[in-house]
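Participant: Each number in the working numbering comes from the position in the sequence shown (counting from 1) with 22 added on.
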Amino acid sequence: MCGRMTMTHPNDAMAQVFAAMPANDLPSVPRYNICPTQAVPVVTAGVGRRALRPMRWGFLPHWYKAPSDGPLLINARAETIAQKPAFAAAVRARRCLVPATGFYEWTKDDQGNRLPWYFTPRDGGVLVFAGVWQDWGQGADARPCVAIVTTAASPWMAQTHHREPVCLAPTDWARWLGETGEKAAPLMRAAPEGYFDRWRVDARVNSNRAEGPTLTARMGM
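Rendered as structure tokens:
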């Protein structure tokens, strides 16, 4: 976790929510099956104003000569992020917010079939993942990239998966971005009980080519 997500909120609305200047090349919405290596909207701190801009979902360490030179780093574990060479500098100086509407996770049935579940904030608000980012490459190959921070799952989340994304409340956004000068490590924790709603969705989402609002439709249990 986190390996697939959705974003249905309009870009201009997200820019207002985060008091950020939107880039001109943000991905079009709605999107119901965002996959690793695709562009996602990311909020970064700036001089005087935040920015909302697209980044490749999949962190590229500076020693990669090409995007395929090593593992696809879509997540960063909270427990080791400060020690891992790939993320240590980013978690100190380049933390970001990754807004979304929801995300998918999978369980397996007795026959080994992958059963997708959809998670979204119970209050219907914006879901905001803690992220770390950096610019990779130079010249025409330069690109910003991001990883989502995960932590050990709460007992409720552990019914589906042993990890969960670190989700930030609005009161914590400035702290994670480094705007307050406070330590950010205490924010890397599981969501409180009752924060998420979840339901089974159709297995069509197992394909990274699937798209459309029916992917998040609730299945009968």
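We treat Cβ as the ideally placed atom computed from N, Cα and C, and that holds for glycine.
Model, not experiment: these values are computed from the prediction.
Compute the beta-carbon to beta-carbon distance between Val148 and Pro121, rounded to the nearest angstrom, for a pair I have assumed lies under 8 Å.
Facilitator: Confirmed, about 6 Å.
Participant: Using the C-alpha atoms, what's the distance from Asp131 back to Met179?
Facilitator: Taking the straight line from one Cα to the other gives about 17 Å.
Participant: Indicate whether the contact test is met: 3 or more Cβ pairs, each with one atom in the region 212-228 and one in the region 167-181, closer than 8 Å.
Facilitator: Verdict: yes, contact present.
Participant: Relative to the C-alpha of Arg117, which candidate in Thr123, Pro89 and Phe151 has its C-alpha closest?
Facilitator: Cα-wise, what sits closest to Arg117 is Phe151.
Participant: Sort out for me which residues DSSP pairs Leu74 with in a bridge.
Facilitator: Answer is Pro44 and Val65, bridged to Leu74.
Participant: Along the chain, which unbroken stretches of the alpha helix (DSSP H) at least 4 residues long are found entirely within the region 171-221?
Facilitator: Here the runs fully enclosed are 192-198.
Participant: Just grab the DSSP bridge partners of Gly124 for me.
Facilitator: Paired residues: Thr28.
Participant: Once DSSP output is grouped into helix, strand and coil, what is the label at Asp34?
Facilitator: Asp34 falls in the helix class under three-state DSSP.
Participant: With a Cβ-Cβ cutoff of 8 Å, do Thr59 and Trp85 count as a contact?
Facilitator: It is not a contact, given that the beta carbons lie outside the stated cut-off.
Participant: Under the three-state reduction of DSSP, which class applies to Ala110: helix, strand or coil?
Facilitator: Correct three-state label for Ala110: helix.
Participant: Can you have a look at Gly153 and say buried or exposed, based on whether 16 or more other CB atoms are within 10 angstroms of its CB?
Facilitator: Looking at its Cβ environment, which holds 16 or more other Cβ atoms inside 10 Å, Gly153 is buried.
Participant: Can you check which of these residues, Ala104, Leu48 and Asp34, is closest to Thr172 by C-alpha distance?
Facilitator: Taking only the C-alpha atoms, the option nearest Thr172 is Ala104.
Participant: Please state whether the Cβ-Cβ distance between Ala98 and Ala206 is less than 8 Å.
Facilitator: Not in contact: Ala98 and Ala206 (Cβ atoms no closer than 8 Å).
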